[in-house]
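Remarks on the structure that follows.
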Amino acid sequence: MLTKILLSDLKEINIIGGQIISRVEAKDESEKQDTIKVLVPKAISNGVINADALETLDLKTTIDSKRITKEGDIIVKLTTPYGACLIDKENEGLLVPSFCVIINNVPEHIMKEYLVAFLNSKTCLMQIKSLVTGLSIPLLSSGQIKKFTIPLPETSIQKEISETYFESLEKIKLLEKITKLEKEYLDSKFVEMESNDGRK
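Each step along the sequence shown adds one to the number in this note's numbering, with nothing skipped, and position 5 is 934.
Encoded structure:
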């Protein structure tokens, strides 16, 4: 049976705003107490984290642990292009900045993987567009995220959608890897031709 719920109806769920970077950033070496990797919005693409796009921040103070990623957290980007990702063990310990929010403590009857699939769907994007229409800066807020209406099918359907979604992410990663290798091959051929031409 399919039901629809507002995210705000899930009283146990936590939606935590990210850290305002300027409040914790060390301006010079004398202030520096520690360093941390930052999950900037551009590092979230197609539902996964691009490790190469993470940034490093020098800290002048201790960070609230609520704003540091833990396995099972869902991170939602508040800026365009909108999207979300699920934190795995490999991506624990990242600082979440103020242009993202953390969703955790998701109730057991909602699969986190399903929720991530929904947050990256065209259906959710249409809701976001209606929420930010008329704003001079199309920036989502925690309050607006709570207004998301989520279709909630039975667990077996959630599982099917989740598996299909994450399988598609793996295919995207594989295609990107193949494309990168093909480009490197082509570049090497041009370099080889240039080198051969110089020997004539």
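All residues carry an ideal CB built from backbone N, CA and C; glycine is no exception.
Please state whether the Cβ-Cβ distance between L1044 and Q948 is less than 9 Å.
It is not a contact, given that the beta carbons lie outside the stated cut-off.
State the DSSP-derived secondary structure class of V1045, mapped to helix, strand or coil.
If DSSP states are grouped into helix, strand and coil, V1045 belongs with the helices.
Roughly how far, in whole angstroms, is the beta-carbon of V1005 from the beta-carbon of I1032, given that I think they are within contact range, below 8 Å?
6 Å between Cβ atoms; contact.
Which value, in whole angstroms, describes the spacing of the CA atoms of A1046 and I1090?
Between A1046 and I1090, the C-alpha separation is close to 8 Å.
Suppose you measure from the CA of L986 to the CA of G1012; what does that come to, to the nearest Å?
Near 23 Å, if we compare the C-alpha coordinates of G1012 and L986.
How long is the line joining the alpha carbons of A955 and E984, rounded to whole angstroms?
Going from the Cα of A955 to the Cα of E984 covers about 14 Å.
Compare the C-alpha of K995 against each of L1007, K989, P1067 and I944 and name the closest.
The shortest Cα separation from K995 among L1007, K989, P1067 and I944 belongs to I944.
Straight-line CA distance for E1123 to E1113?
Rounded to the nearest angstrom, the two C-alpha atoms are 15 Å apart.
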